Amino acid sequence: MRFDEGIQEKYRDSVTAAFDTIMRVGDDEHRMYIGEILASEMLIRVAPVSEVKASGITGVISSVKTNYDLATERLSLRDALGLIYIAIAEETIDTGGQRGCEGTLVHEGRHAYDFAQMIESRSNADMNPLDVLDPTLYDLEWNAHKAAGNYMLRVGKQEYLDEGLGLMILCGNEDGTCAVDDDGIRRRLKESYGLEIDANQGPLASKMIGILV
């Protein structure tokens with residue numbers, strides 16, 4: 250993982266601390282994809298929400314370079330991650346603190362990993378044509394929301410659980426504990442993203458990031 254130029258030290262420290270916490274507190278899935286990100290050259294950006302347009306967003310640094318590399322090289326997962334960035338809004342950290350930073354990196358980190366898997370699989374399509382991956386926006390958001398819910402449960406602090414309940418990612422059990430709410434996530438994807446598994450799954454990941462080959 251690498252930082253973009255010009256990021257204030259307080260934001261760099263917050264992102265570094267968030268990654269450290271996710272690796273310590275997260276489950277096997279979190280440690281798997283965050284570990285791959287940390288071992289790669291994936292780019293971290295921090296910018297005002299007026300630029301990011303969300304709490305965080307994931308994409309390719311350059312679609313031109315990504316398409317060129319796909320056409321001329323055989324890319325590994327970590328090579329693919331090096332073509333990807335995650336941008337976090339300054340306000341996400343200023344307002345949400347470490348909870349906001351961790352949550353964004355868990356969610357967007359899963360997107361980055363899924364994009365990288367898609368790029369890697371396309372790079373090796375000549376050898377494994379049946380293993381080419383191209384998830385829909387629904388698939389991407391489902392994976393990221395599930396990862397976020399599982400992380401909230403792993404942390405277990407009330408502020409994390411309250412956020413999950415408010416976002417319909419978690420639900421309460423009769424015994425007072427919480428669980429990931431699959432039905433709630435489906436409602437959230439429909440109401441907030443307009444996505445449904447049997448109706449509109451949204452664009453393919455390759456189209457979202459401008460892959461041509």
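First residue of the sequence shown: 250, per the working numbering; consecutive thereafter.
Just so you know, even glycine gets a beta-carbon here, dropped at the ideal spot from N, CA and C.
Every value quoted in this text rests on a predicted model; they were computed, and no experiment measured them.
By DSSP's criteria, residue i is part of a beta bridge. Which residues make up the other side?
i	result
Gly-308	Tyr-334
Leu-453	Thr-385
Ala-296	Ala-338
Phe-252	Ile-293
Between the beta-carbon of residue i and the beta-carbon of residue j, is there less than 8 Å?
i	j	result
Val-298	Ala-336	no
Thr-315	Ile-460	yes
Val-274	Arg-403	yes
Met-291	Arg-280	no
Val-309	Ile-283	no
Thr-341	Gly-305	yes
Ala-396	Glu-300	no
Arg-327	Glu-285	yes
Ile-293	Asp-262	no
Can you list, in chain order, the residues of its chain with a C-beta nearer than 6 Å to that of residue i? Leave out the 5 residues immediately preceding and following it.
i	result
Ile-256	Val-295
Thr-307	Ile-335, Glu-357, His-360, Ala-361
Determine the burial state of residue i: buried for a count of at least 16 other Cβ atoms within 10 Å of its Cβ, exposed for fewer.
i	result
Gln-366	buried
Met-376	exposed
Ala-329	buried
Ala-288	exposed
Asn-399	buried
Ile-446	exposed
Tyr-387	buried
In chain order, what residues of the same chain have a beta carbon less than 7 Å from the beta carbon of residue i, not counting five sequence neighbours either side?
i	result
Ala-454	Asp-363, Phe-364, Met-367, Asp-383, Pro-384, Leu-389
Ala-267	Gln-347, Cys-350, Glu-351, Leu-354
Ser-312	Ile-458, Gly-459
Gly-443	Asn-449
Glu-408	Arg-348
Got a sec? Which residues, its chain only, sit under 8 Å from residue i by beta carbon, not counting five neighbours each side?
i	result
Met-417	Asp-430, Gly-433, Ile-434, Arg-436, Arg-437
Leu-319	Ile-368, Arg-371, Ser-372, Ile-460, Val-462
Which ranges would you report for the alpha helix (DSSP H) in the segment 403-432 if only whole runs of at least 4 residues count? Complete alpha helix (DSSP H) runs here, min 4: 407-415.
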